[in-house]
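Colleague: If you're matching positions, the sequence shown starts at 31 in my numbering and goes up one per residue.
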Amino acid sequence: QVVLLGDESDARVCAEVSEKSKAGLFNLAGRTSLPELFGVISSLDALVSNDSAPVHVASAFGVPAVVIFGPTSPKFGFGPWRNPSRVLEKELACRPCHHHGPRECPEVHFRCMKDISAGEVAEAVRQLVLEKKRV
């Protein structure tokens, strides 16, 4: 089961993804309070997120996380602080371009995010879930 999380600004795109998916996604974007979000994250087998607060919530609960770094870098100290986790990032000459990650790419291409494939993310999740089962 895949759960989509986010705030109200993510609700529209999450609804589109959910509608187009054949995987039966459960869309909670824009529908959880902060305490509810913590509860959902604590129950996950794994979290996939950009470098944002849910990663730290997952770390606090020991939930494995795949963290996607685009315009930012874990070198800034915002990476997951507890294992197991995987960091996905692309080494590009233009990155990191911002401490917190701008919505608009200064180079216009946003390759730091677009070059990370769904297959890479899925494989990282698969590895984390297998690793968690071995422990």
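Beta carbons are placed, not taken as given, at the ideal position from N, Cα and C, and that holds for glycine.
#1: Once you ignore the five residues that flank residue 82 on each side, which residues in its own chain have a CB closer than 8 Å to its CB?
#2: For residue 80, which beta-bridge partners are listed by DSSP?
#3: State the start and end residues of the unbroken beta strand (DSSP E) segment that holds residue 115.
#4: Using the C-alpha atoms, what's the distance from residue 48 back to residue 148?
#5: Could you round the C-beta distance between residue 77 and residue 88 to whole angstroms and report it? I think they count as a contact, below 8 Å.
#6: Which stretch, first to last residue, makes up the alpha helix (DSSP H) that contains residue 162?
#7: Measuring alpha carbon to alpha carbon, tell me which of 74, 34, 68 ends up nearest residue 59.
#8: Can you tell me the Cβ-Cβ gap for residue 98 and residue 118, rounded? I've got them flagged as a contact below 8 Å.
#9: Can you look up residue 108 in the DSSP assignment and give me helix, strand or coil?
#10: I think residue 79 touches residue 93, with their Cβ atoms under 8 Å apart; what is that distance to the nearest whole Å?
#11: What residues in its chain sit with their C-beta under 7 Å from that of residue 122, if we drop five residues either side in the sequence?
#12: Candidates 100, 41, 159: which alpha carbon is nearest residue 115's?
Modeller: Reading from the atomic positions:
#1: Within its own chain, no residue has a Cβ closer than 8 Å to the Cβ of residue 82 once the five positions on either side in sequence are excluded.
#2: 98, per the DSSP bridge assignment.
#3: Element bounds for residue 115: 115-118.
#4: Using only the alpha carbons, I get a separation of about 15 Å.
#5: Right, their Cβ atoms sit about 4 Å apart.
#6: Element bounds for residue 162: 148-164.
#7: Among 74, 34, 68, the Cα nearest to that of residue 59 belongs to 34.
#8: That pair is a contact at about 5 Å.
#9: If DSSP states are grouped into helix, strand and coil, residue 108 belongs with coil.
#10: Contact flag wrong, Cβ pair sits at about 10 Å.
#11: Here the set comprises 141, 142.
#12: For the residues 100, 41, 159, the minimum Cα distance to residue 115 belongs to 159.
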